[in-house]
Amino acid sequence: MKTTPLLRKFLLLPIAVLACAAWGQATPPDAPAAVPAAPAVPMPPALAWEPPPLQPFSATYQAFYKGKEAGDATMQVTHTGGTQWRVDMQVVGRRGFASVLGLNIEQSTVFEERGGAYAPLSQSTVRKGLFLGKKAVGTYNWQAGTAQWSGDVKKDRAQPIPLQAGDQSALLINLAIMRDARPGATMHYRYVDMGRVRQHDYQAAAETENVAVGDLSYNALRVFRTNGGSNETILWIANGVPTPVRILQREDGEDRVDLRLIEYQGV
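Take 216 as the starting number for the sequence shown in my numbering and just add one per residue.
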């Protein structure tokens with residue numbers, strides 16, 4: 216499959232130019248020349264926001280850690296058959312302390328698409344580093360109504376968690392935002408992942424903004440978490456692109472992990 220580089224997106228607005236009237240001969244004061252009214256220039260319709268459909272893709276990101284280039288990341292969505300899908304994210308630190316301090320993470324979620332809703336079935340997280348190696352696996356048992364994790368998790372996070380309709384893993388929240396975001400929209404998700412339960416609330420900006428990602432510029436919608444406290448999560452999504460063009464995680468007002476989309480392709 217040929218890789219499709221991301222293209223610049225520009226919003227072109229028509230410009231009305233009024234011509235100056237030519238000099239004519241003098242007109243008697245009691246017979247002024249009639250000046251026709253300028254015709255109204257119709258405004259272009261607002262750009263309609265079109266959420267991308269759930270579809271297989273593979274995306275590559277440039278990864279920054281605390282403001283410095285540190286490695287790369289990949290996100291992939293795969294259709295595994297029927298109503299089942301899988302989403303994978305891998306972040307690899309290749310420079311400096313990023314690889315030592317644990318910027319080597321692999322996450323995956325197997326899920327079902329149920330009438331437009333995403334229901335997680337299983338989840339795994341693997342974290343690697345020079346002095347660090349952890350793995351945890353979780354199962355969402357919808358028949359029993361519980362989710363539970365095993366592996367390298369704390370004792371209190373290995374207990375069964377009662378499930379609620381709409382519960383999402385961390386990776387599924389990204390896909391849900393791509394599906395649900397509209398200019399000015401608010402979004403609410405119940406995060407159930409790694410033995411923890413949290414409420415995640417997001418707000419989309421009222422208008423798109425120009426976002427520079429490397430040498431490219433996008434007209435993108437900013438979506439940010441409103442109840443994360445000192446831990447901020449900000450995503451920028453562009454119309455028609457199936458994955459965020461930028462994902463930024465901040466702690467105590469400082470950038471921590473910053474993923475910037477380089478390219479994507481259909482699978």
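Using N, Cα and C, we set each Cβ at its ideal position, and we do this for glycine too.
query: 3 or more residues per run - each beta strand (DSSP E) lying fully within the stretch 349-416; result: 361-366, 401-408
query: Alpha carbon of R301 to alpha carbon of I449, nearest angstrom; result: 23 Å
query: V428 vs N434 beta-carbon contact at 9 Å; result: no
query: Under 9 Å between C-beta atoms of D382 and M402; result: no
query: Beta-carbon proximity check, P398 vs A421, cutoff 9 Å; result: yes
query: Simplified DSSP state of V460, which is helix, strand or coil; result: coil
query: Collapsed DSSP secondary structure at M258 in the structure displayed; result: In this predicted model, M258 has a pLDDT of only 38, less than 50, meaning its place in the structure is not dependable; the value taken from the coordinates is given anyway. Here M258 sits in coil by DSSP.
query: Cβ pair F326, Q358 closer than 9 Å; result: no
query: Reduced DSSP category for G298 - H, G, I as helix; E, B as strand; rest coil; result: Note that residue 298 is Thr in the sequence shown, not Gly. DSSP places T298 in coil when its eight states are reduced to three.
query: Local Cβ density within 10 Å of S384, reported as buried at 16 or more and exposed below that; result: buried
query: Integer Cβ distance of N525 from E466, believed to fall under 8 Å; result: This structure cannot settle anything about residue 525, because the visible part of the chain is limited to 216 through 482.
query: Sufficient close CB pairs (3 or more, under 8 Å) joining the stretch 403-414 to the stretch 268-278; result: no
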